[in-house]
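Residue numbers (my numbering), protein chains in the order written: chain A, 1 to 351; chain B, 352 to 702.
Below, the structure is given as structure tokens:
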């Protein structure tokens, strides 16, 4: 039994036939929920980024399809499947590049197809249970990451992180923050420095929010302070998430991770990358990974405030690439991979 | 004669017995001037940071004392000196840690004291001329930095910079931006990437503004993109300013400079530090340099928008330290110092 109970609000929940999710656009000012029994409203929440983070979006899509099934007036299996497919089409359009979104939708549709010809209520129940299973599996994987990752955290550690690979990005418990939550539950004395993570400020807005909710001491810092913080020995571990990991151990993650990684290496601070094995891409070589460029406007405005003169553009790559020689270990729900990653990662995936 | 004429607005000017200065708090939204014949209004502008940047503040204080002298009703030398000293006291309270402010005030008072017993109008004129000389010397030093620094800039260069060590921080022409302006005047094809420089966003707000006014192509980038930008070969030179340089060649400058310097070195991009020799501190060893910590609120709010939850603090060191092994050259109005700096800097100061 953990020494302390973790007390952070659930990103998204299925409550009495309705979906309830935190409106992340209102954070950190207000903890405000959206509650609905309409799948269209969940689709809107994904599109407007009221919910974000790859695993959280997957769960939201699955729950949206469960709503579509439960609320459908279909009398026959065929009619129900048609309603589900219509909802799936609408959901696919919300964030067309989100891998987890498509994965969750396909999994729910496959389940419905497996129940071909069954009674409509049985299909409704099957779809809902599959959605709940997707959510539960996400939390279980994250708790495993927490257990494997906690071994690297000692009493008194001050941990550096960037972006939000926390509970808010998942169904519950987070990825990069999972080892921190596990250490906290086990009574270890730790604290966190969260880089604010421009342009969206996920570190300041979301990571600081959920750590504070959990009761874990946290301070934010501007991204450009990362070198000074590391050079002064103000942190002794770094934990980050990942959007994609190649079999060579190259880590694609939020812009700023590479800068952090170079400085961590220079100052002898270990860097742990936490992600479910679904993040590991066994096909694509790193040279083929395209780094998404996003609109300059997302850099040029902060909370409606224009920070640069009109007519001046901005460079905005959403991610960067951290090479394997800067990574101490990759922590997944199946275990920990250590260098050389081109050996340990295939072994982990095979396990 | 330069191939192109530089066309950037003057930070501060003496115009027909009045002081006219750009209200930098309104940038980049509006180019708005403050014009006054009252030294109290200039003091207020320094205090409210309507004007900032060490050399610019020095000139503003000198012009404020000139206003005090010109507008004084003193009939005798003694009365005039009393009025000047009262104005000096008020000015000293505006930014109590600004070195250039005190230096400029002391220089004007010394001038007035040298004219002891002269006719009041002669003293008024002497004070005004000394203030104009301080301004002129600043521009001359900056143009020298530009000439020495331009040698390192080639046609086609893309230059990385941080913060605003530009014309807006000086009377005219800037320090880190001086070689860029000189290269531009001489017709070289160059462009600039300005790191936005949180928390005050001097890069986005001020550097982008003045480069755009000059017609030099500029884009901004978030500070955390510095590693990615350098790793992709998007820039081939870096120019930064300095708040203090020790005789060992340690450079104290805006937070983020050290992070930039480590990444520049890693990717083989030369880093040039531009500053007048008055920035070189021949006394203090680097271990004794105290890095100013500023209020967390300055990180926690952007344009009135709170970016982190209430109750969460922030780390804000205003400066960091770049060690000499990361610096390619230090460019001053007296010439260029190259490694080893502990030999070249004393030589330069002696010159």
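The beta-carbon is built from N, C-alpha and C at its ideal position, and this holds for glycine as well.
Query raised in the report: Per DSSP, residue 301 of chain A is paired with what?
Result: A:306, per the DSSP bridge assignment.
Query - Bridge-paired residues (DSSP) for residue 604 of chain B - result: B:671
Requested in this report: Identify each residue in the region 644-668 of chain B for which the Cβ-Cβ distance to at least one residue of chain A is less than 7 Å, and report them in chain order.
Outcome: 650, 653, 654, 656, 657, 658, 659, 660, 662, 663, 664, 665, 666 and 668
Query raised in the report: Per the contact definition of three or more C-beta pairs closer than 8 Å, is the region 319-335 of chain A in contact with the region 252-270 of chain A?
Result: yes
Query raised in the report: Once you ignore the five residues that flank residue 422 of chain B on each side, which residues in its own chain have a CB closer than 8 Å to its CB?
Result: 388, 389 and 390
Report task. Please confirm if the region 477-491 of chain B is in contact with the region 394-413 of chain B, defined as three or more CB-CB distances below 8 Å between the two stretches. Result -> yes
Requested in this report: Go to residue 239 of chain A, then tell me how far its beta strand (DSSP E) extends in each direction, as first and last residue.
Outcome: 237-240
Query raised in the report: When the cut-off is 8 Å and only beta carbons count, does residue 352 of chain A lie next to chain B?
Result: Missing from the structure shown is residue 352 of chain A; chain A here goes from 1 to 351 and no further.
Query raised in the report: Taking only beta-carbon atoms, is residue 727 of chain B less than 8 Å away from chain A?
Result: For residue 727 of chain B there is no data in the structure shown, the boundaries of chain B being 352 and 702.
Report task. Report the rounded CA-to-CA distance for residue 561 of chain B versus residue 173 of chain A, giving the unit in angstroms. Result -> 47 Å
**Report entry** Spatial neighbours of residue 318 of chain A in its chain, beta-carbon cut-off 8 Å, leaving aside the 5 residues before and after
**Finding:** 254, 255, 291, 292, 293 and 294
Query raised in the report: Closest by CA to residue 432 of chain B, which one among B:445, B:399, B:395 and B:475?
Result: B:475
Query raised in the report: Run through DSSP, which three-state label would residue 456 of chain B get?
Result: Three-state DSSP puts residue 456 of chain B in a helix.
Query raised in the report: From residue 165 of chain A to residue 10 of chain A, what distance separates their C-alpha atoms?
Result: 14 Å
Query - Coarse secondary structure for residue 551 of chain B, derived from DSSP in three states - result: Here DSSP, grouped into helix, strand and coil, assigns residue 551 of chain B to coil.
Query raised in the report: Alpha carbon to alpha carbon, how far is residue 576 of chain B from residue 504 of chain B?
Result: So the alpha carbons of these two residues sit roughly 23 Å apart.
Query raised in the report: Since residue 413 of chain B is in the alpha helix (DSSP H), which residue starts that stretch and which ends it?
Result: 405-422
Query raised in the report: Residues of chain B with CB under 8 Å from residue 262 of chain A, in chain order?
Result: 578, 613, 614 and 617
Query raised in the report: Is the shortest distance between the beta-carbon of residue 354 of chain B and the beta-carbons of chain A less than 8 Å?
Result: Judged by the 8 Å Cβ criterion, residue 354 of chain B is not in contact with chain A.
Query raised in the report: Between which two residues does the beta strand (DSSP E) carrying residue 402 of chain B extend?
Result: No beta strand (DSSP E) holds residue 402 of chain B; DSSP gives it neither H nor E.
Requested in this report: Look at residue 573 of chain B and residue 309 of chain A and say whether their C-beta atoms are less than 8 Å apart.
Outcome: no
**Report entry** Alpha carbon of residue 492 of chain B to alpha carbon of residue 629 of chain B, nearest angstrom
**Finding:** 10 Å
Query raised in the report: Name the DSSP beta bridge partners of residue 244 of chain A, please?
Result: According to DSSP, which records beta bridges pairwise, residue 244 of chain A is partnered with A:252.
Report task. Grab me the residues of residue 342 of chain A's own chain with a C-beta within less than 7 Å of its C-beta, minus the 5 sequence neighbours each way, in chain order. Result -> 247, 248 and 249
Query raised in the report: Three-state secondary structure (DSSP) at residue 467 of chain B?
Result: In this structure, residue 467 of chain B counts as coil in the three-state DSSP scheme.
Query raised in the report: Taking the alpha carbon of residue 239 of chain A as the point to measure from, which residue in A:84, A:159, A:32 and A:21 has its own alpha carbon closest?
Result: Nearest C-alpha to residue 239 of chain A: A:159.
Report task. Would you kindly work out how many angstroms separate the C-alpha atoms of residue 446 of chain B and residue 452 of chain B, rounded to a whole number? Result -> 8 Å
Requested in this report: Would you mind working out which of B:406, B:429 and B:460 sits nearest residue 450 of chain B, comparing C-alpha positions?
Outcome: B:406
Query raised in the report: Between the Cα of residue 563 of chain B and the Cα atoms of B:636, B:460, B:651 and B:541, which residue gives the shortest distance?
Result: B:541
Query raised in the report: Name the chain B residues that come within less than 8 Å of residue 342 of chain A, Cβ to Cβ?
Result: Ordered by position in chain B, no residue passes the 8 Å Cβ test against residue 342 of chain A, which lies about 21 Å from the chain.
Query raised in the report: Is residue 87 of chain A near the ligand FAD, with its Cβ less than 7 Å from a heavy atom?
Result: The ligand FAD is absent from the structure shown, which contains no ligand whatsoever.
Report task. With 9 Å as the C-beta to C-beta threshold (strictly closer), list the residues of the region 245-258 of chain A near chain B in chain order. Result -> 254, 255, 256, 257 and 258
Query raised in the report: What three-state label does DSSP hand residue 428 of chain B in the structure shown?
Result: It is helical.
Query - 8 Å Cβ cutoff met for residue 27 of chain A and residue 51 of chain A - result: Contact: no.
Query raised in the report: On the premise that residue 624 of chain B lies in contact with residue 681 of chain B, defined as a C-beta separation below 8 Å, what is that separation, rounded to the nearest angstrom?
Result: Contact holds; Cβ gap of about 5 Å.
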